[in-house]
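These notes concern the structure reproduced below.
Protein chains: 2
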Amino acid sequence: MTEATPNPATPNPATFDILGIGNAIVDVVSPADDQFLSRHDMRKGAMMLVDAAAADTLYAAMPPGQESSGGSAANTCAVAAALGARVAYIGKVAVDPLGVVFRHDIKAVGVHFPTSPLTGGAPTARCLILVTPDGQRTMNTFLGACVTLDGSDVDPALVAAASVTYLEGYLFDPPAAQAAFHKAASAAHAAGRQVALSLSDPFCVNRHRSAFRDLVAHHVDILFANETEITSLYEQNTFEAAAEAARADVGLAVLTRGEAGSLILRGDQSMTVAAEPTHVLDTTGAGDAYAAGFLTGLTAGKPLQVCGRIGSIAAAEVISHYGARLAADLHGRIAALAG
Amino acid sequence: MTEATPNPATPNPATFDILGIGNAIVDVVSPADDQFLSRHDMRKGAMMLVDAAAADTLYAAMPPGQESSGGSAANTCAVAAALGARVAYIGKVAVDPLGVVFRHDIKAVGVHFPTSPLTGGAPTARCLILVTPDGQRTMNTFLGACVTLDGSDVDPALVAAASVTYLEGYLFDPPAAQAAFHKAASAAHAAGRQVALSLSDPFCVNRHRSAFRDLVAHHVDILFANETEITSLYEQNTFEAAAEAARADVGLAVLTRGEAGSLILRGDQSMTVAAEPTHVLDTTGAGDAYAAGFLTGLTAGKPLQVCGRIGSIAAAEVISHYGARLAADLHGRIAALAG
Numbered sequence: 241m242t243e244a245t246p247n248p249a250t251p252n253p254a255t256f257d258i259l260g261i262g263n264a265i266v267d268v269v270s271p272a273d274d275q276f277l278s279r280h281d282m283r284k285g286a287m288m289l290v291d292a293a294a295a296d297t298l299y300a301a302m303p304p305g306q307e308s309s310g311g312s313a314a315n316t317c318a319v320a321a322a323l324g325a326r327v328a329y330i331g332k333v334a335v336d337p338l339g340v341v342f343r344h345d346i347k348a349v350g351v352h353f354p355t356s357p358l359t360g361g362a363p364t365a366r367c368l369i370l371v372t373p374d375g376q377r378t379m380n381t382f383l384g385a386c387v388t389l390d391g392s393d394v395d396p397a398l399v400a401a402a403s404v405t406y407l408e409g410y411l412f413d414p415p416a417a418q419a420a421f422h423k424a425a426s427a428a429h430a431a432g433r434q435v436a437l438s439l440s441d442p443f444c445v446n447r448h449r450s451a452f453r454d455l456v457a458h459h460v461d462i463l464f465a466n467e468t469e470i471t472s473l474y475e476q477n478t479f480e481a482a483a484e485a486a487r488a489d490v491g492l493a494v495l496t497r498g499e500a501g502s503l504i505l506r507g508d509q510s511m512t513v514a515a516e517p518t519h520v521l522d523t524t525g526a527g528d529a530y531a532a533g534f535l536t537g538l539t540a541g542k543p544l545q546v547c548g549r550i551g552s553i554a555a556a557e558v559i560s561h562y563g564a565r566l567a568a569d570l571h572g573r574i575a576a577l578a579g
Numbered sequence: 241m242t243e244a245t246p247n248p249a250t251p252n253p254a255t256f257d258i259l260g261i262g263n264a265i266v267d268v269v270s271p272a273d274d275q276f277l278s279r280h281d282m283r284k285g286a287m288m289l290v291d292a293a294a295a296d297t298l299y300a301a302m303p304p305g306q307e308s309s310g311g312s313a314a315n316t317c318a319v320a321a322a323l324g325a326r327v328a329y330i331g332k333v334a335v336d337p338l339g340v341v342f343r344h345d346i347k348a349v350g351v352h353f354p355t356s357p358l359t360g361g362a363p364t365a366r367c368l369i370l371v372t373p374d375g376q377r378t379m380n381t382f383l384g385a386c387v388t389l390d391g392s393d394v395d396p397a398l399v400a401a402a403s404v405t406y407l408e409g410y411l412f413d414p415p416a417a418q419a420a421f422h423k424a425a426s427a428a429h430a431a432g433r434q435v436a437l438s439l440s441d442p443f444c445v446n447r448h449r450s451a452f453r454d455l456v457a458h459h460v461d462i463l464f465a466n467e468t469e470i471t472s473l474y475e476q477n478t479f480e481a482a483a484e485a486a487r488a489d490v491g492l493a494v495l496t497r498g499e500a501g502s503l504i505l506r507g508d509q510s511m512t513v514a515a516e517p518t519h520v521l522d523t524t525g526a527g528d529a530y531a532a533g534f535l536t537g538l539t540a541g542k543p544l545q546v547c548g549r550i551g552s553i554a555a556a557e558v559i560s561h562y563g564a565r566l567a568a569d570l571h572g573r574i575a576a577l578a579g
């Protein structure tokens with residue numbers, strides 16, 4: 241357990257506020273009805289991993305779609321950069337047009353993206369997303385080039401140059417990426433920096449519970465999770481019990497609860513932050529955007545309550561339209577916050 | 241000059257109502273301000289052809305985007321198929337992920353798409369589209385694989401099997417495609433079928449005016465154009481003078497005027513059709529959708545006035561949201577039309 245505020249022993253000022261590491265994915269979004277989900281054995285709202293053949297079969301059955309850059313940590317990086325943070329990202333795409341799209345979109349918001357692409361292997365990862373009339377998204381991810389991300393893609397000097405290294409839980413699905421995760425966490429702590437983890441989704445937590453429990457207890461300084469993720473991680477029946485387990489386990493726990501706002505726990509401190517009122521159109525990316533806002537505030541030295549407010553404002557903007565990245569300029573609203 | 245209604249001498253019933261031939265393009269749409277257009281020497285609202293290097297430079301400068309299938313005739317085919325017409329499409333993509341996206345999207349709405357992709361050459365065409373805050377779109381097209389579409393891609397048996405072969409004016413930009421155009425027109429007329437042409441945009445008309453004038457007078461049965469296109473084609477100062485020139489030149493002229501509706505001219509008949517009231521969000525694809533609705537009605541044997549109404553309803557749907565293809569199911573509204 242380390243302190244959530246910058247370590248005063250850090251010798252050099254950080255070059256980056258946030259370094260994100262995650263699965264570099266292009267989203268393919270199509271409308272679908274509930275019958276389509278049943279016919280293809282999908283659990284509504286979940287993210288399922290699919291192989292190349294299953295992805296091809298599913299894509300062939302899907303209606304026309306729209307493509308845009310996605311990936312949980314990549315969304316967080318793009319939103320944080322748009323909010324003014326200095327951001328870098330590590331993730332693996334292929335040398336193909338979707339890889340070009342991914343690289344373009346994350347660089348276009350000012351994110352430093354040094355990871356060399358995979359040549360001659362699997363294509364750029366894609367997530368086939370079905371949006372049902374109730375606004376829920378059901379995701380089917382073909383990891384493609386992401387499965388080759390490993391420790392060699394993590395430059396310890398880059399990690400050492402970032403105030404916070406932010407890792408998505410989905411990174412535990414491709415096996416080689418776990419080595420990248422551990423290498424990054426070690427390099428961050430060796431340089432006196434912080435490590436943050438987002439649990440990604442409750443099914444991801446189920447797949448990797450023991451690894452996550454070990455990580456959170458021993459290698460993570462800042463934990464982001466929503467209600468279903470945190471109760472799943474600690475196998476508790478109530479949010480309150482899970483929150484207390486998180487408080488005991490990690491230096492800073494940031495727990496989001498949708499419309500009920502968020503709860504920030506540090507040591508014996510507890511802070512609640514209200515959700516920002518908005519018209520919800522598509523909840524995808526809400527957690528990614530909240531983490532982006534929170535870390536943008538934290539690395540700028542804002543009080544935790546203000547960090548939560550920035551997170552809530554960013555999340556509210558993202559869920560008010562389709563797509564997981566910011567569509568509006570929030571600089572004015574964030575500058576107006578006290579603190 | 242041939243009749244606009246199916247030729248009674250046609251020996252076999254058509255397998256397809258519409259065969260579209262055009263540039264197979266994936267759109268990349270990003271927001272931009274007017275300064276961005278000036279800095280990159282773009283004329284607002286126009287479609288400009290760019291080479292691979294210029295496309296790369298422009299893409300690097302563009303904000304994050306969204307990708308979806310486009311192409312004028314391809315949009316018409318997708319809308320017509322969604323309206324219930326039996327549709328085929330000829331257009332050239334490459335063997336790359338954007339080519340897969342294009343093929344998926346047009347096949348997913350039921351369009352027959354037999355054209356073999358280009359291997360080992362240029363990539364799938366893309367149109368870099370900047371949307372300014374006033375809702376206008378400025379387009380920059382890198383034709384890529386489209387420049388290899390030629391006569392060998394046109395199967396005369398497929399043309400002979402379609403009631404109407406529909407050609408986009410943009411097809412005159414890649415030089416080899418003109419041979420495809422002429423081969424298709426000859427095959428259609430040899431089989432007693434109809435040839436339709438859409439002028440695409442006034443700048444395209446400027447680039448190819450004499451070729452278009454010759455075509456319209458000698459090889460086209462149905463002409464689609466908007467006000468600026470038709471006045472440019474005939475180099476007239478008024479819409480009325482241009483419309484009379486079109487009446488004298490072509491069997492069936494269908495002239496769209498935005499909010500002012502459309503004018504249908506056949507021989508000495510003149511019919512006006514009101515525009516369908518809607519909230520305009522993005523006018524891209526309005527002409528493509530109108531042509532789709534009109535031809536769907538025409539090939540189903542509807543009176544011209546009803547064809548115009550179906551065109552207006554389809555266009556109104558498409559301009560009420562972003563994207564050039566239908567988002568709503570219009571079957572009920574169209575079935576309710578008299579005729």
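Chains A and B are the protein sequences, given in the same order.
Numbered according to the numbering used here, the first sequence spans residues 241 to 579.
Numbered according to the numbering used here, the second sequence spans residues 241 to 579.
All C-beta atoms, glycine included, are put in the ideal place defined by N, C-alpha and C.
By the neighbour-count definition (other C-beta atoms within 10 Å, threshold 16), D441 (chain A) is a buried residue. Within the segment 295–314 of chain A, Y299, A300, M302, P303, P304, G305, Q306, E307, S308, S309 place their CB atoms closer than 8 angstroms to a CB of chain B, listed in sequence order.
Across the structure, F464 (chain A) and F443 (chain A) are spaced so that their CA atoms are roughly 15 angstroms apart.
Contact check for V269 (chain B) against G305 (chain B) passes: the beta carbons are separated by less than 7 angstroms. Closest in C-alpha terms to I265 (chain A), from the list A:D257, A:G533, A:L338, comes A:L338. A254 (chain A) places its beta carbon less than 7 angstroms from that of S403 (chain A). Every unbroken stretch of the alpha helix (DSSP H) spanning 4 or more residues and falling wholly within the segment 460–522 of chain A is given here in chain order: 467–473, 479–489. For P363 (chain A), the C-beta contacts it makes with chain B under 9 angstroms involve P337, in order along the chain. Using a CB distance cut-off of 7 angstroms, D345 (chain B) counts as an interface residue toward chain A. As summarised for the segment 305–358 of chain A, the continuous alpha helix (DSSP H) elements at least 4 residues long and confined to that stretch are 312–322, 337–348, given in chain order. Secondary structure note for Y410 (chain B): it is in no beta strand (DSSP E), with a DSSP letter that is neither H nor E. With respect to the 7 angstroms criterion, L437 (chain A) and L411 (chain A) are not classified as neighbours on the basis of their beta carbons. A419 (chain B) carries a helical assignment under DSSP once its states are collapsed to helix, strand and coil. Spanning the alpha carbons of L495 (chain A) and R283 (chain A) requires a straight line of approximately 24 angstroms. Annotation for L577 (chain B): V546, R549 place their beta carbon closer than 6 angstroms to its own, counting only its chain and skipping 5 residues before and after. Secondary structure of L535 (chain B) (DSSP, three-state): helix. Chain A places a beta carbon closer than 7 angstroms to that of A348 (chain B), counting this residue as a contact. Contact annotation for V341 (chain B) against chain A: E307 [CB-CB distance below 7 angstroms, chain order].
Residue pairing by DSSP places F443 (chain A) in no beta bridge whatsoever. One finds nothing in chain A with a Cβ atom closer than 7 angstroms to the Cβ of R279 (chain B); even the nearest lies about 15 angstroms away. Each of B:L473, B:T355, B:L439 was checked against the Cα of M287 (chain B), and the nearest Cα belongs to B:L439. For R565 (chain A), the chain B residues whose C-beta falls within less than 7 angstroms of its own C-beta are P304, listed in chain order. With contacts defined as CB atoms closer than 7 angstroms, T359 (chain A) and D336 (chain A) fail to qualify as a contacting pair. By the beta-carbon neighbour count (other beta carbons within 10 angstroms, threshold 16), S552 (chain B) is buried.
Excluding five sequence positions before and after A568 (chain A), the CB atoms of its chain that fall closer than 6 angstroms to its own CB belong to E557, given in chain order. Beta-bridge pairing by DSSP links P271 (chain B) to B:V371.
The beta-carbon distance between T381 (chain B) and G361 (chain B), rounded to whole angstroms, is 17 angstroms. This is too long to meet the 8 angstroms contact definition.
A515 (chain B) is a Cβ neighbour of G501 (chain B), given a cutoff of 7 angstroms. Contact annotation: the segment 451–466 of chain B touches the segment 428–437 of chain B, with at least three C-beta pairs closer than 8 angstroms.
By the Cβ rule, the segment 528–537 of chain B counts as touching the segment 312–328 of chain B, because three or more pairs are nearer than 8 angstroms. Taking the Cα positions, I574 (chain B) is about 20 angstroms away from V351 (chain B). For A436 (chain B), the enclosing beta strand (DSSP E) stretches over residues 434–438. The beta carbons of I559 (chain B) and T523 (chain B) sit closer together than 7 angstroms.
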